[in-house]
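The block underneath contains the structure these notes are about, expressed in C-alpha cells.
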Amino acid sequence: MSGQTHVRDSYRPPFHVENSAETILRFPFPFPEDSYMYSMNVEPHVRGGPVDAMSHTFDVDEHYVGECAEKARILAEDPKRCMVLPHMRDAEWDFLELGMDSLSTDYPEHFTLKKEGNDWLWENHLLNISQSFVFGDEATLPQAPFEYMARQMQGDFTLHDQRENDLWMDGGMVTSQADWSLKFDMGMSFRQWHAPVPKASEMGIFDRGLRFLLMLQYGRPVRRLNWTMTINPRLDTSPENYMIWGEDRASVTPENVAEKVHLRVELQTLYRLPRSNAILFAIRCYLLPIKDIMTVPKWRKRLHRVLRDLDPALASYKGLDLYRSTVVEFLRPYDDGASLSTGIQPV
Amino acid sequence: MAERMGFPAFIERVEGLTPTLRRFVLRKEKQIFPPVSPGSYAALEFGDGEKVYKNAYSIVERSEDGRELTVIVRLAPQSRGGSRFLHEKGRSGLPVWVGSVANLFPIVKTARRHLLLSAGIGITPFLSYLRKLRSIGADYTLHHFCRAEERSAFEALLAEQDQARVSVHTALPSEVGLADWLQDEAIATHVYFCGPEGFMKWVEETTHRCGFAPGKVHSEHFFVPEGGRPFEVILARSGRKIAVKADETLLEALEQADVDAPCMCRGGACGACAVTVLDGQPDHRDHVLTEAERASGNVILTCVSRAKTDTLTLDL
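The listed protein sequences correspond, in order, to chains A and B.
For the first sequence, position 275 matches number 275 in full-length UniProt numbering, and the numbering has no gaps at all.
For the second sequence, position 263 matches number 263 in full-length UniProt numbering, and the numbering has no gaps at all.
Following this line, the structure appears as C-alpha cells:
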C-alpha cells in the first residue's frame with residue numbers, strides 16, 4: 001500500500017479516483033485467456049499469486065481510507081446495508097478475530113492488536129481508531145462485532161450458515177455490490193441467490209461449487225475472480241439506488257469511454273470460520289477505468305477480445321448491452337492480434 | 001501437493017473412564033489450537049515408528065486457553081489397531097498430529113429445540129453440544145443409553161450438566177418409552193443421534209415413523225472401517241498396482257504407497273476422498289453417496305469402501 005492516509009477519492013459525483021502506477025499493476029485482471037465463459041475457477045487463497053492484490057489475506061491498498069469513508073456514508077444513508085441474523089453471533093466474533101489477526105499481521109505499520117486473554121486492544125492507525133474491548137462481550141464495542149470490523153475493511157462481506165447440506169446467506173455488509181441486494185438475498189440458500197445467473201446452472205457449476213464449499217476447511221481459504229463493468233467509479237451500484245446510477249449506462253460515447261467505463265473485478269475469498277462453522281464470503285471490489293487498462297498492452301488486447309466475443313446472454317446479464325460495442329470499437333485499434341501469454345499477470 | 005494441514009501436539013494426560021473408555025487430553029506444542037464448533041471431529045495421527053494410525057474422534061472440549069483438546073476413545077472390539085494402540089501405549093508425552101479438524105455434525109443454530117439421543121461412545125459429540133446449548137440458554141434434552149455397569153461413568157461425565165435436561169438410561173430405548181417421547185415432541189424440534197449401528201437404525205426408523213421431516217433429523221455414524229477380502233487396485237494414470245490387504249483400507253494402502261489421495265474424515269461421512277472408478281466393482285460402505293451414484297459404480301470413497309472384484313482400476 002502506498003501510504004495514503006487521508007480521503008482523496010470520491011466515489012460519487014463529482015467523481016475523483018486516481019490509480020497510481022503501482023495500483024494499476026497490482027489489479028486482479030480477471031481474464032487468463034482471450035475468451036470468457038463461467039468456470040469454477042477456484043484456487044487456494046495462498047499468499048502470492050499472479051498479481052499483488054492476492055498477496056495478503058485481506059488486501060489493503062491506496063484507496064483504503066476513501067473506501068472506508070464511502071462505506072460509512074452509505075451505511076449512514078441506509079443502515080440496512082448491514083444485517084446479521086441472531087444465530088450468527090459466533091460467526092461475527094469469528095470474523096472480527098480473522099480480520100484483526102490478519103490485518104495486524106499483514107500490515108503491522110497500520111494496524112496493531114494486543115491480546116491479554118479476552119482483553120483486546122485494537123488500533124487502526126489509518127482511521128485513527130483505538131479500541132479496548134473484551135472479546136466475546138458485545139457491550140464493550142461501539143457496534144456489533146461484525147459491523148465494527150467490516151466498517152474497517154475494504155469490500156463486502158457475507159456470512160453463511162451451513163445446514164441441510166446448503167449454505168444460507170444469514171448476514172452481511174454489502175455497500176459496493178454489482179447490482180444485487182443483501183436485503184433481497186438475506187436468508188436465501190446457495191441456489192436461490194444464484195438463480196438469476198444465466199447458463200451456469202445448466203452447466204452444473206452451482207452443484208459442484210456448493211459441494212466444494214460445503215467441504216471447505218478451516219485454515220484453507222480459497223479464492224476466485226468475478227467481473228462486470230461499471231460506468232464511473234461508483235462502488236455503490238445497488239438495485240436500491242438504480243435510479244441514481246442506471247442512467248449512466250446510456251452516457252458512454254466514443255469520446256468519454258476511456259474515462260467512464262470501468263472494469264469491475266471482485267476478488268472473492270472464502271473462509272471456514274472455526275467457532276461457528278459458518279463460511280465467510282469476502283468480496284473485494286476493484287475498479288479500473290479503460291484509460292488505466294490501456295497502459296498495460298496485454299490487458300487492453302485481451303479485454304478487447306473477451307468483450308468482442310462475449311456470449312450475448314452473459315453480456316446482458318452483466319448489464320453491458322448499452323455500451324459494449326462502444327468499448328470494443330474503442331479498443332480495436334489497440335489490438336494487433338498478437339498472441340498473449342496465458343494467465344492474468346501484466347506481461 | 002498442498003502443505004500439510006494440522007497441528008503438532010502430544011498427550012498431556014490420560015484418564016480411564018471405564019475399562020473400554022479413555023479420555024485423552026492433547027496439548028499443543030506451540031501456540032494454541034483454533035476454536036472449534038460443537039460437533040467437530042479431529043483426524044488424529046499417532047504411532048510408534050512401526051505403524052502410523054489415523055483415526056477420527058469427536059472433540060469433546062477445547063480448553064478455555066486454547067492449549068488443550070480432549071477426545072474420548074473407545075477400545076473398539078474389531079479395532080484395526082488405532083484405538084488399541086491408544087489404550088495400550090497412549091501415555092503422556094506421546095506425539096499426536098491433529099489433522100483436518102472439521103464439523104460434519106453441527107448444531108442447527110436456527111432450531112427451536114434440540115433433542116439429543118446417544119448410546120455408548122456416541123455421547124462424545126454431545127459433550128461439546130451441551131456446553132454450547134447451555135451457554136446460549138437453548139431448549140434441549142439429552143437421553144443417553146448405556147450398559148448398567150457403565151452408568152456411573154457416564155453419570156460422572158455428565159455431572160456438571162443441568163440435571164433437569166440430561167438422563168442416563170440402562171434399559172433399551174424401546175423399553176423406556178423413547179418412541180412415545182419422540183411422538184410428543186413439537187414439530188419444530190430437531191433430533192440428533194449418535195451411537196452404535198443398532199441404536200442408529202432404531203432411532204432412524206422411529207423418527208421416520210413419528211413423521212419427523214428429514215431436515216430435522218441429524219446423525220453421525222461412528223464408522224470403523226472394516227476389513228474384508230484383499231484386492232488389488234490399479235492406478236490408471238501410472239499403471240501402478242497396489243495390494244490392499246484384508247485389514248487395511250483402500251485409502252491406507254494408497255497412502256502407504258505414497259499416492260496423493262484426497263481424504264478428510266476417514267470414516268465414510270464427508271465424501272472428500274471420492275475417486276473415479278474406471279473398472280471393477282466397488283463394495284460401497286459409506287454414508288455419503290446417493291443410490292444413483294452407488295448404482296453407477298463409477299465412484300468410490302476410498303476411506304471405507306472396498307472391492308467386490310479382484311481388481312479395481314481408479315482414475316489416479
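We treat Cβ as the ideally placed atom computed from N, Cα and C, and that holds for glycine.
Worksheet item: Where in the segment 99–187 of chain A do unbroken runs of the beta strand (DSSP E), each at least 3 residues long, occur, reported from the N-terminal end onward?
Response: 111–116, 119–124, 129–134, 156–163, 166–173
Worksheet item: Quick one: does D161 (chain A) have its CB under 8 Å from some CB of chain B?
Response: yes
Worksheet item: Quick one: does the C-beta of M54 (chain A) sit closer than 7 Å to a heavy atom of the ligand SAM?
Response: The ligand SAM is not part of the structure shown, which contains no ligands of any sort.
Fill in: Distance CB(L158 (chain B))-CB(V60 (chain B)) smaller than 8 Å
no
Discussion item. Looking only at its chain, what residues have a beta carbon closer than 6 Å to the beta carbon of R305 (chain A), apart from the 5 residues adjacent to it on each side?
Written reply: D34
Item to complete: Return yes when the Cβ of Q217 (chain A) is within less than 8 Å of the Cβ of M200 (chain B), no when it is not.
Response: no
Discussion item. Please list, in chain order, the chain A residues whose beta carbon lies closer than 9 Å to that of T110 (chain B).
Written reply: L85, H87, D161, R163, W168, D170
Worksheet item: Which chain B residues sit within Cβ distance under 8 Å of Y271 (chain A)?
Response: The contacting residues do not exist; Y271 (chain A) stays about 12 Å from chain B at best.
Worksheet item: Should the segment 50–69 of chain B be called in touch with the segment 10–30 of chain B, which here means at least 3 C-beta pairs below 8 Å?
Response: yes
Worksheet entry | Same chain only: Cβ atoms within 6 Å of F29 (chain A), ignoring 5 sequence neighbours per side | W299, I344
Worksheet item: Which residue from B:K308, B:L44, B:I107, B:P8 puts its Cα closest to that of H190 (chain B)?
Response: B:I107
Worksheet item: Taking the C-alpha atoms as reference points, what is the distance between V275 (chain B) and L116 (chain B)?
Response: 34 Å
Worksheet item: Between which two residues does the beta strand (DSSP E) harbouring A313 (chain A) extend?
Response: Note, A313 (chain A): premise wrong, no beta strand (DSSP E); alpha helix (DSSP H) at 312–317.
Worksheet item: Does the count of Cβ pairs from the segment 57–68 of chain A and the segment 107–126 of chain A closer than 8 Å reach three?
Response: yes
Item to complete: Spell out whether any CB of chain B is found under 8 Å from the CB atom of Q268 (chain A).
Response: no
Worksheet item: When the cut-off is 8 Å and only beta carbons count, does S100 (chain B) lie next to chain A?
Response: yes
Worksheet item: By the criterion of Cβ-Cβ separation under 9 Å, what are the contact partners of M215 (chain A) in chain B?
Response: A102, M264, C270, G271, A272
Item to complete: Confirm, please, whether the CB-CB distance from L214 (chain A) to S189 (chain A) is below 8 Å.
Response: no
Worksheet entry | Against chain A: residues of the UniProt domain "FAD-binding FR-type" (4–108) of chain B by CB proximity under 7 Å | M5, P34, P35, V36, S37, S100, V101, A102, N103, P106, V108
Worksheet item: What residues of chain B sit near S276 (chain A), judged by a beta carbon separation below 7 Å?
Response: S37
Worksheet entry | Three-state secondary structure (DSSP) of S39 (chain A) | coil
Worksheet entry | Rounded C-alpha distance that separates D310 (chain B) from V52 (chain B) | 26 Å
Worksheet item: Taking the alpha-carbon positions, what's the A2 (chain B) to S325 (chain A) distance?
Response: Unreliable positioning characterises A2 (chain B) in this predicted model, as indicated by a pLDDT of 44, which lies under 50. The coordinate reading is nonetheless provided below. Taking the straight line from one Cα to the other gives about 43 Å.
Worksheet item: Where does L312 (chain B) land, buried or exposed, given buried means 16+ other C-beta within 10 angstroms?
Response: buried
Worksheet item: Under a Cβ-count criterion, where at least 16 other Cβ atoms within 10 Å of its own Cβ denotes burial, should P142 (chain A) be classed as buried or exposed?
Response: exposed
Worksheet entry | 7 Å CB neighbourhood of G297 (chain B) in its chain, flanking five on each side removed | V277, Q281, P282
Worksheet item: From the beta carbon of residue 329 (chain B), is the nearest beta carbon of chain A less than 8 Å away?
Response: No statement about residue 329 (chain B) is possible, as the shown extent of chain B runs from 1 to 316 and does not include it.
Fill in: The beta strand (DSSP E) enclosing K28 (chain B), as first and last residue numbers
21–28
Fill in: Endpoints, alpha helix (DSSP H) assigned at T23 (chain A)
21–25
Worksheet entry | Buried/exposed call for H114 (chain B), threshold 16 Cβ in 10 Å | buried
Worksheet item: Does the separation of the CB atoms of E259 (chain A) and P239 (chain A) fall below 8 Å?
Response: no
Worksheet item: Contact check, V265 (chain A) vs L225 (chain A) under 8 Å by CB: the rounded distance?
Response: 6 Å
Worksheet item: Is any beta-carbon of chain B found at less than 8 Å from that of R220 (chain A)?
Response: yes
Practice prompt. Go ahead and pull the three-state DSSP assignment for C210 (chain B).
Written response: coil
Discussion item. Taking 8 Å as the threshold (C-beta atoms), are V304 (chain B) and D286 (chain B) in contact?
Written reply: yes
Fill in: Given E247 (chain A) as reference, the closest of A:E202, A:T237, A:P254 once Cα atoms are compared
A:T237
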